[in-house]
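A short write-up of the structure that comes next.
As structure tokens, then:
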């Protein structure tokens with residue numbers, strides 16, 4: 012799954028804002044995806060902040076009592092890929 016979150020999802024971005032991307036991947040595949048995602052993000056002419064979490068990690072963040080990036084992404088997001096899987100998961 013691929014989400015935009017942060018200022019672009021909230022429509023509060025400025026000309027200096029980066030694009031916050033969250034990749035939610037199958038459990039155990041985080042490291043494999045992190046390398047490729049980081050390499051791809053650095054090759055783009057945009058300022059991108061990329062995060063990769065497993066489905067389990069994302070759900071743990073959503074259920075946590077303390078505010079975190081997973082809860083922010085749950086509240087304000089634009090789903091770019093995997094919308095059906097996202098809604099089945101949450």
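Residue numbers (our numbering): 12 to 101.
Ideal placement from N, C-alpha and C gives every residue a C-beta, glycine not left out.
Determine the direct distance from the alpha carbon of residue j to that of residue i, and round the result to whole angstroms.
| i | j | result |
| --- | --- | --- |
| residue 62 | residue 43 | 13 Å |
| residue 82 | residue 73 | 5 Å |
| residue 93 | residue 15 | 12 Å |
| residue 64 | residue 24 | 24 Å |
| residue 51 | residue 90 | 19 Å |
Could you pull the start and end residues of the alpha helix (DSSP H) that residue i belongs to?
| i | result |
| --- | --- |
| residue 43 | 41-53 |
| residue 94 | 94-100 |
| residue 21 | 18-21 |
Measuring alpha carbon to alpha carbon, tell me which of the options ends up nearest residue i.
| i | options | result |
| --- | --- | --- |
| residue 58 | 73, 92 and 32 | 32 |
| residue 28 | 53, 18, 47 and 98 | 18 |
Helix, strand or coil: how does DSSP classify residue i here?
| i | result |
| --- | --- |
| residue 85 | helix |
Return the first residue and the last residue of the beta strand (DSSP E) that residue i is part of.
| i | result |
| --- | --- |
| residue 62 | 59-65 |
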